[in-house]
Amino acid sequence: MFIPLVAFDSKCNRIGMGGGYYDKTLAFKKESEKKSKPLLIGLAYEFQKIDAIEKNAWDIPMDAIITENKTYKA
Numbered sequence: 355m356f357i358p359l360v361a362f363d364s365k366c367n368r369i370g371m372g373g374g375y376y377d378k379t380l381a382f383k384k385e386s387e388k389k390s391k392p393l394l395i396g397l398a399y400e401f402q403k404i405d406a407i408e409k410n411a412w413d414i415p416m417d418a419i420i421t422e423n424k425t426y427k428a
């Protein structure tokens with residue numbers, strides 16, 4: 355599943371659009387002890403990468419983020 359984002363870090367954390375809709379919809383991935391489907395892929399440009407994102411308890415990290423230059427994997 356391709357997920358939009360505003361910014362991301364190298365650990366595949368993302369800042370979304372601010373509504374929390376993806377985090378709420380995908381919360382089941384946090385509850386699963388093993389990697390569950392769907393695979394979450396963030397699509398971004400390299401200029402959207404920042405050093406670190408302060409992660410909240412409800413945030414769902416991406417499995418990978420793909421930019422025009424590199425693929426970041428969690």
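Per this note's numbering, the sequence shown starts with residue 355, numbered consecutively. From the three backbone atoms N, C-alpha and C, an ideal C-beta is built for every residue, glycine too.
In the DSSP secondary-structure assignment, Ile369 is bridged to Ala361.
Cβ-Cβ separation between Asp363 and Asp405: approximately 7 Å, consistent with a contact (criterion under 8 Å).
Here the alpha carbon of Tyr399 sits roughly 5 Å from the alpha carbon of Thr421. Taking C-beta separations shorter than 6 Å and ignoring five residues to either side along the sequence, the partners of Tyr426 in its chain run Ser364, Cys366, Ile419, following chain order. Collapsing the DSSP output to three states places Thr421 in coil. Distance between Lys424 and Phe401, taken at the CA atoms: about 12 Å. Cβ-Cβ distances below 8 Å link Ile395 to Met355, Phe356, Ile357, Met416, Asp417, Ala418, Ile419, Ile420 in the same chain, with the five nearest sequence neighbours on each side left out; the list follows chain order.
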